[in-house]
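Residue numbers (the numbering used here): 162 to 236. Glycine included, every Cβ here is placed at the ideal spot set by N, Cα and C. The model shown is predicted, which means the values in this text are computed figures rather than measured ones. Here is the structure we will look at.
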Amino acid sequence: MSGDIFFVPQKPVKGFLFAKLYFEAKEYELAKRHVSEYLKVQERDPKAHKFLGHLYEREGEINKAVGCYKVGRLC
Numbered sequence: 162m163s164g165d166i167f168f169v170p171q172k173p174v175k176g177f178l179f180a181k182l183y184f185e186a187k188e189y190e191l192a193k194r195h196v197s198e199y200l201k202v203q204e205r206d207p208k209a210h211k212f213l214g215h216l217y218e219r220e221g222e223i224n225k226a227v228g229c230y231k232v233g234r235l236c
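This is the structure we're talking about:
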């Protein structure tokens with residue numbers, strides 16, 4: 162199957178960039194939504210997991226934040 166082309170949808174891939182922009186605009190729910198969509202296609206991105214952890218930590222969801230930080234360290 163050499164020569165197969167793998168298509169990655171552009172919207173989720175750009176989601177991490179949008180998440181950062183929403184974070185800067187203090188739209189934390191939108192930032193969380195976009196980084197979560199991004200992680201569905203880029204599961205092994207430690208920076209995205211750390212970013213999501215930071216968003217959860219801001220909301221006081223420490224257990225979810227720690228989970229994100231741990232996953233990010235394993236990537």
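Residue i versus the options, residue with shortest Cα-Cα distance
i, options, result
"G221", "Y183, L178, Y189", "Y189"
"P207", "F177, H215, C236", "C236"
"P173", "Y230, S197, R219", "S197"
"H210", "F179, I223, R234", "R234"
"G176", "G228, K193, L182, Y199", "Y199"
"Y183", "Q203, K201, E204, L213", "L213"
"A192", "K225, H215, C229, I223", "H215"
Residue i, enclosing alpha helix (DSSP H) - first and last residue
i, result
"K248", "In the structure as shown, the chain begins at 162 and stops at 236. Residue 248 is therefore absent and cannot be evaluated."
"E218", "207 to 219"
"C236", "Neither: C236 is in no alpha helix (DSSP H) and is coded neither H nor E."
Simplified DSSP assignment, three categories, for residue i
i, result
"E222", "coil"
"E204", "coil"
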